[in-house]
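All residue numbers for the sequence shown refer to the numbering used here, where the first residue is -4 and numbers rise by one. Positions of the beta carbon are idealized from the N, C-alpha and C atoms, including for glycine.
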Amino acid sequence: MESRVKELRLARRLSQEMLGQSLGITQQTISKIENGKYDIPTDLLISLSNFFNVTTDYILGLSDIKRNLEGQIRVNKTLDDNYDLVMQYNELDSTNKKTLDILLSRLCETQKEK
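This is how it looks when you write it as structure tokens:
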């Protein structure tokens, strides 16, 4: 379970602190979850599932299927809506991708503060 949360967090390029802030919990709690030292309450498990758009079974390591049909439909719609942007991103080299990732993270942080 802990490896799945860490895997999902790193795939989104989030720090433990950033994930904790998004979920209303501390960085220490995220660390304990990732290291298997914390039994995740049901409400937090559901919040993690919704945040990462994966099933609770995936987070718990009970399934290798990340999304149910509804979740996959949401992903597909988002990709369809942003197809040109995704294609442009894929054309960037790794340095420019990192630069854009940093810029987007800062824009999101600024927007959340408003």
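Below 8 Å on the Cβ atoms is my contact criterion, and I expect residue i with residue j to pass it. Report the Cβ-Cβ distance as a whole number of Å.
i: Tyr84; j: Leu95; result: 7 Å
i: Val81; j: Leu74; result: 6 Å
i: Ser44; j: Thr37; result: Contact doesn't hold; Cβ gap of about 10 Å is too wide.
Within this structure, are the beta carbons of residue i and residue j separated by less than 9 Å?
i: Ile28; j: Val49; result: no
i: Tyr47; j: Ile54; result: The question names Tyr, but residue 47 in the sequence shown is Phe. Contact flag set, yes.
i: Ile20; j: Arg4; result: no
i: Gly31; j: Gln22; result: no
i: Gly126; j: Ser(-2); result: Any property of residue 126 remains undetermined from this structure, which presents the chain solely from -4 to 109.
Q | Every unbroken alpha helix (DSSP H) inside the region 2 to 69 [4 residues or more] | A | 11 to 18, 22 to 29, 37 to 47 and 51 to 55
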